[in-house]
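Comments concern the structure below.
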Amino acid sequence: IISGAGYRYQILKWLYLQGRANMDFNNGFTEFNNPTGGLGAGGFGLIYYDNTKKKYNGNYNVSEGVGRQMNYDFLLGGNHRFGDFSIDASFGGNLYNVYNRNFNITSTAFTERDVYSIGNGSVFTQNYNFSRRRVNSLYGLAELGYKNLLYINVTGREDWFSVLNLANNHYFYPSVSGSFIFSELIKDNLTWLDYGKIRGGWADVGSANGIGAYYGTLNYNFNTNLYSVPGIDFTIGSISGNDSPNPFVKPFSVSEKNIGLELKMFRSRVNVDIEVYDKKTDKQIIPAQISAASGYNTTVINYGSLQNRGIEFMLDVTPVRTRNFTWNSSFNNAYNTTKVLSLSPGTTRFTVQDWYNGGASNEFMGKLVYEVGKPLNQIAAKTYQRDNKGQILLTSGGRLIATPNDTLFGSADPKFVGGWNNNFRFKKLTLLVHMDYKFGGKVLSGSALNNLRQGHSKASLVGRRPGENGVVFDGVYQAGSGPNAGQKNTTAVFGQAFYADYRSLQIADPFIFKSDFIKLRNITLSYDFSSLVSTNVKFIKGLVLSASCRNVAILKKYTPDIDPESFASSGDLRLGYEAVSLPTTRMWGANLNVKF
Numbered sequence: 008i009i010s011g012a013g014y015r016y017q018i019l020k021w022l023y024l025q026g027r028a029n030m031d032f033n034n035g036f037t038e039f040n041n042p043t044g045g046l047g048a049g050g051f052g053l054i055y056y057d058n059t060k061k062k063y064n065g066n067y068n069v070s071e072g073v074g075r076q077m078n079y080d081f082l083l084g085g086n087h088r089f090g091d092f093s094i095d096a097s098f099g100g101n102l103y104n105v106y107n108r109n110f111n112i113t114s115t116a117f118t119e120r121d122v123y124s125i126g127n128g129s130v131f132t133q134n135y136n137f138s139r140r141r142v143n144s145l146y147g148l149a150e151l152g153y154k155n156l157l158y159i160n161v162t163g164r165e166d167w168f169s170v171l172n173l174a175n176n177h178y179f180y181p182s183v184s185g186s187f188i189f190s191e192l193i194k195d196n197l198t199w200l201d202y203g204k205i206r207g208g209w210a211d212v213g214s215a216n217g218i219g220a221y222y223g224t225l226n227y228n229f230n231t232n233l234y235s236v237p238g239i240d241f242t243i244g245s246i247s248g249n250d251s252p253n254p255f256v257k258p259f260s261v262s263e264k265n266i267g268l269e270l271k272m273f274r275s276r277v278n279v280d281i282e283v284y285d286k287k288t289d290k291q292i293i294p295a296q297i298s299a300a301s302g303y304n305t306t307v308i309n310y311g312s313l314q315n316r317g318i319e320f321m322l323d324v325t326p327v328r329t330r331n332f333t334w335n336s337s338f339n340n341a342y343n344t345t346k347v348l349s350l351s352p353g354t355t356r357f358t359v360q361d362w363y364n365g366g367a368s369n370e371f372m373g374k375l376v377y378e379v380g381k382p383l384n385q386i387a388a389k390t391y392q393r394d395n396k397g398q399i400l401l402t403s404g405g406r407l408i409a410t411p412n413d414t415l416f417g418s419a420d421p422k423f424v425g426g427w428n429n430n431f432r433f434k435k436l437t438l439l440v441h442m443d444y445k446f447g448g449k450v451l452s453g454s455a456l457n458n459l460r461q462g463h464s465k466a467s468l469v470g471r472r473p474g475e476n477g478v479v480f481d482g483v484y485q486a487g488s489g490p491n492a493g494q495k496n497t498t499a500v501f502g503q504a505f506y507a508d509y510r511s512l513q514i515a516d517p518f519i520f521k522s523d524f525i526k527l528r529n530i531t532l533s534y535d536f537s538s539l540v541s542t543n544v545k546f547i548k549g550l551v552l553s554a555s556c557r558n559v560a561i562l563k564k565y566t567p568d569i570d571p572e573s574f575a576s577s578g579d580l581r582l583g584y585e586a587v588s589l590p591t592t593r594m595w596g597a598n599l600n601v602k603f
């Protein structure tokens, strides 16, 4: 349920006061039945009965989640003109509350077969959690204008975050920006220029994203074991989790400078918008390992800085515009690089996620790391050990040898992101075609690794084709491997054993791919029947029928057998890693839009 209410009172002709309240409420209930003998219930499709406990397997789960976001704000504002000058200023505040509550209970070991109720079980697992967090804000903003061609904007805002310690829970962030509409001065001399503006600005923003609602509070559990003294049995509490609260954590800051140019030309048939920016993030809120002697394994601290630089470019053109036919085409493109400037003192590499040692069950290789001086989100893994000529070194038995340390294979983040939209209209018929692309990122494919070592890929045929007795890898014997040291390898190795070495040695070279792609994303064909229908049916003001297809085709990619978009996205700890990903779904749809 999304609802809102607001009221604006005009105190004077130039002064007003307004207040608003908005709510976003959701309530979800789920019920899960796992049949007796069902997959995951212990029987794998067969009826299973425990003769000792006289119980059937299977389980029943119910869960409920409630979420509520309340947003209140007020604004006192005014605007006035003084000759060639104009001023628009306001002062306001905001109260943002978030509440979440979740409860679930699972019942297992059924008394009666296939009766799905909590009471039919004899073993219960339940969980309840809730969280509240709040951000209080006060802010002010002012805009000073001169002759509708020069504008200066100044803002200031203070936020108080409930998730942080009182001594460090607030942050003030200002901004200054300006714009110059130069077309107002030269429009009489340049008739082809409809609008031209130069803009620039600086802003500093703070945030506490990355901190849980009760991060600064110790959580306790009741121990299920009984402790006894003469005549008394009791349980004791213990601290829950291995994360040590850090009362000194502060909001991180993001400082950005930008400059841009906006042009509209030839009666708005050619429009250009370009912006260059330089953004720096300081005092990030990042998990850190601490000594186990403290009683904890991790904590969260402020450290490190990132620099984000890029350019955004938009071009919108209308090559053809006649009475019956119009073609509009627009390009949106962005180039961005994010560099790690610093980490904690004495640290040059930080492991964001170890996919091999700390990953999920379907993660097999590599790490995601931050490296000082390198682009963000580097993929790290072992590589082939080579001699000074670049030849791959092998053991005397023809097996692979890995480097002792990880190698960086590149950033998982794309550098170029963009799209191309085309809108063709012929009388009442409209065709929309949308393409998009990403270039410059890398991905480590766990699917390619598994397909090779399990014999499912074309590459795994090497060594087991007719006339072959194993894999004779292209390399040379390492020094110290006997009389053949430095000679070309001639030893055949059983294929499954050879390819399994890639995982055990963590050699990632054959499984690193460009994550680049070009896609035909969407096609929509529409026809406007409004003029035909409204003539005969007066109460219908408009009727448009559309048919569409999304994820039409992949025009270019470098990842074999997988969609380069089917794995994790930015902010995910699996960014840059792909494993057992599902194919992207192509969707067909029809839409009828009626206006009354």
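Each residue of the sequence shown is one higher than the last, beginning at 8 in this note's numbering.
Where a beta carbon is used, it is the ideal one built from N, C-alpha and C, also for glycine.
* **Beta-ladder partner(s) of I318, from DSSP** => I318 pairs with V283 and Y342.
* **Among Q25, P571, K204 and L589, the one whose alpha carbon lies nearest that of L582** => The shortest Cα separation from L582 among Q25, P571, K204 and L589 belongs to P571.
* Looking at the structure shown, is K465 part of a helix, part of a strand, or coil, going by DSSP? -> K465: helix per DSSP, three-state reduction.
* If you run the structure through DSSP and keep just helix, strand and coil, what is V170? -> Under the three-state reduction of DSSP output, V170 falls in the coil class, being neither helix nor strand.
* Verify whether the separation of the beta carbon atoms of T162 and S144 is less than 8 Å. => In this structure, S144 does not lie closer than 8 Å to T162 by Cβ.
* Asked: Are the beta-carbon atoms belonging to A586 and S454 less than 8 Å from one another?
  -> In this structure, S454 lies closer than 8 Å to A586 by Cβ.
* Under the rule that 16 or more other beta-carbon atoms within 10 Å means buried, what is R15, buried or exposed? -> When all chains shown are included, R15 counts as exposed.
* **Reduced DSSP secondary structure (H/G/I, E/B, other) of F505** => Correct three-state label for F505: helix.
* Locate the alpha helix (DSSP H) running through A299, then write down its first and last residues. => In the DSSP annotation of this structure, A299 is not part of any alpha helix (DSSP H), being labelled neither H nor E.
* Asked: What beta strand (DSSP E) runs, 3 residues minimum, are completely inside the region 496-575?
  -> DSSP runs (the beta strand (DSSP E)) wholly in the region 496-575: 519-521, 524-535 and 549-564.
* Asked: In whole angstroms, what separates the C-alpha of S301 from that of I308?
  -> Computed Cα separation, rounded: 16 Å.
* So, using beta-carbon positions, are S403 and S488 closer together than 8 Å? -> Result yes, Cβ atoms of S403 and S488 sit closer than 8 Å.
* To do: Return the CA-CA distance between V236 and I243, expressed in angstroms with no decimal places.
  => The straight-line gap from Cα to Cα measures roughly 13 Å.
* Contact check, K61 vs F117, beta carbons under 8 Å -> A distance of 8 Å or more separates the beta carbons of K61 and F117.
* **Exposed unless 16 or more other CB atoms sit within 10 angstroms - verdict on L436** => Exposed, since its Cβ has fewer than 16 Cβ neighbours within 10 Å.
* To do: Compute the Euclidean distance between the alpha carbons of N457 and I239, then round it to the nearest angstrom.
  => If I take the Cα positions, the gap works out to 56 Å.
* Asked: Secondary structure at E191, three-state DSSP: helix, strand or coil?
  -> Helix at E191.
* Asked: G100 to W167, Cα distance in whole Å?
  -> Taking C-alpha positions only, G100 is separated from W167 by approximately 11 Å.
* Member of R27, N33 and T224 whose CA lies at the smallest distance from the CA of N78 -> The alpha carbon of N78 has as its nearest neighbour, out of R27, N33 and T224, the alpha carbon of R27.
* **S454: first and last residue of the uninterrupted alpha helix (DSSP H) it sits in** => Element bounds for S454: G453 to R460.
* G99 by DSSP, collapsed to three states: which one? -> In the three-state scheme derived from DSSP, where H, G and I count as helix and E and B as strand, G99 is classed as strand.
* Asked: In three-state terms, what does DSSP make of N34?
  -> Taken through DSSP and simplified to helix, strand or coil, N34 comes out as strand.
* To do: Please go through the same chain and pick out, in chain order, the residues whose beta-carbon is closer than 6 Å to the beta-carbon of S577, but skip the five residues on each side of it.
  => Residue placement at S577 cannot be trusted, given a pLDDT of 44 that sits under 50; what the coordinates show is reported in the next sentence. Sequence-distant partners of S577 (beyond 5 residues in either direction) whose C-beta falls short of 6 Å from its own C-beta are missing from its chain.
* **Helix, strand or coil at I125 [DSSP, three-state]** => Residue state, collapsed to three classes: helix.
* To do: Look at the alpha carbon of I94 and the alpha carbon of I188, and state the distance between them as a whole number of angstroms.
  => One C-alpha to the other measures close to 17 Å.
* Give the DSSP bridge partners of E165, in chain order. => Beta-bridge analysis with DSSP links E165 to L145 and F179.
* **Minimum C-alpha distance to S70 - residue among P42, D516, F110 and D31** => Among P42, D516, F110 and D31, the Cα nearest to that of S70 is on F110.
* **I225 and P252 closer than 8 Å at C-beta** => Note that residue 225 is Leu in the sequence shown here, rather than Ile. In this structure, L225 sits near P252, with a CB-CB distance shorter than 8 Å.
* Out of curiosity, what's the CA-to-CA distance linking K548 and F603? -> In a straight line, the C-alpha of K548 is about 5 Å away from that of F603.
* **Same chain, Cβ closer than 6 Å to K521, five either side skipped, listed in chain order** => Around K521: Y565.
* Contact set for M594: own chain, Cβ-Cβ below 6 Å, skip 5 residues either direction -> Excluding positions up to five away in sequence, the list reads R557.
* Touch test, the region 439-448 against the region 417-430, Cβ-Cβ under 8 Å, three pairs minimum -> At 8 Å Cβ cutoff, the stretches touch.
* **Contact the region 379-394 vs the region 340-356: 3+ CB pairs below 8 Å** => At 8 Å Cβ cutoff, the stretches touch.
* **Own chain, CB closer than 7 Å to Y342, minus 5 neighbours either side, in chain order** => Here the set comprises G317, I318, K422 and F423.
* Limits of the unbroken beta strand (DSSP E) element including I266 -> Its beta strand (DSSP E) spans residues F259 to M272.
* For Q17, which option in G219, G74, R75 and L83 has the closest C-alpha, if you only look at C-alpha atoms? -> Of the listed residues, the one whose Cα sits closest to Q17 is L83.
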